[in-house]
Amino acid sequence: MTAVRPATAGSAADLVRACSPESLSRRFTLGGPIDPETVLSRYRRFLLAGTPLIAEVSGAPAGLLNAVPEDGRRVELGLLVADGWQRRGIGRGLVRLAAEQWRDWTLHATVQEGNVAAEGLLRACGFRFAPGYGGENEYELTVTEETLDDGTAGARPDGLQRCAVAAYARSERHRYARGGSACRGTTGVTAALLPGR
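In this text, residue positions in the sequence shown follow numbering that gives the first Met the number 0: the first is 0, and each later residue adds one.
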């Protein structure tokens with residue numbers, strides 16, 4: 000069973016340790032494969048930046064999403080998925096959750112050139128390519144009702160997804176956070192948003 004909850008320092012560290020040096024080097028720009036302990040010593044504060052959400056499968060961390068609001072109704076996304084859960088819908092589910100949460104905002108992500116998996120994920124979610132510089136590219140998506148309704152950025156909000164959005168809003172504590180309908184807890188985010196096991 001998959002659940003999404005606010006990330007903690009411990010759950011973020013567990014996720015980083017579940018990633019290979021190659022996966023970490025695609026997410027963090029240190030010029031080559033890097034070990035988890037190096038990432039934790041250099042980037043620990045960034046792992047909990049903005050609104051950090053952890054996706055867990057049977058209690059084990061599978062993916063981490065950071066959504067950092069910026070000026071001009073823009074939100075920077077950072078995403079890391081553990082090796083064993085890549086290409087299994089975890090990343091897409093987290094991006095959909097961010098899209099539902101940040102309606103009428105522009106989501107954007109910076110991707111290293113050659114990170115085919117991240118580029119494919121963002122394109123599948125409806126993000127547009129914007130050439131970058133210095134070996135990095137930008138992808139962005141302005142979230143509208145149409146992008147949510149056509150399924151590229153997110154699904155129509157059924158009960159479980161509204162529950163997920165409410166959990167996200169409670170973890171956000173940001174003045175722009177919007178929730179769905181009332182939800183009694185943050186543990187009810189399941190297969191409607193992220194794949195089950």
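C-beta atoms are modelled at their ideal positions from N, C-alpha and C, and glycine is treated no differently.
Cβ-Cβ distance between residue i and residue j below 8 Å
{"i": "residue 91", "j": "residue 124", "result": "yes"}
{"i": "residue 135", "j": "residue 107", "result": "no"}
{"i": "residue 81", "j": "residue 6", "result": "no"}
{"i": "residue 54", "j": "residue 109", "result": "no"}
{"i": "residue 63", "j": "residue 46", "result": "yes"}
Among the options, nearest to residue i - alpha-carbon criterion
{"i": "residue 214", "options": "11, 83 and 48", "result": "The structure shown does not extend to residue 214, since the chain spans only 0 to 196, so no value can be given for it."}
{"i": "residue 24", "options": "97, 57, 113 and 96", "result": "113"}
{"i": "residue 21", "options": "71, 79, 44 and 94", "result": "79"}
{"i": "residue 14", "options": "61, 70, 116 and 89", "result": "61"}
{"i": "residue 84", "options": "97, 116, 133 and 65", "result": "116"}
{"i": "residue 4", "options": "147, 59 and 28", "result": "59"}
{"i": "residue 147", "options": "98, 132 and 28", "result": "98"}
Buried/exposed call for residue i, threshold 16 Cβ in 10 Å
{"i": "residue 130", "result": "exposed"}
{"i": "residue 51", "result": "buried"}
{"i": "residue 42", "result": "buried"}
{"i": "residue 122", "result": "exposed"}
{"i": "residue 26", "result": "buried"}
{"i": "residue 95", "result": "buried"}
Cut-off 7 Å between Cβ atoms - residues of its own chain near residue i, not counting five sequence neighbours on either side
{"i": "residue 139", "result": "105, 106, 107, 126, 127 and 129"}
{"i": "residue 69", "result": "75"}
{"i": "residue 12", "result": "39"}
8 Å Cβ shell around residue i - same chain, five flanking residues per side excluded
{"i": "residue 143", "result": "102 and 103"}
query = For the stretch 89-103 against the stretch 27-42, are there 3 or more C-beta pairs whose distance is under 8 Å?
reply = no
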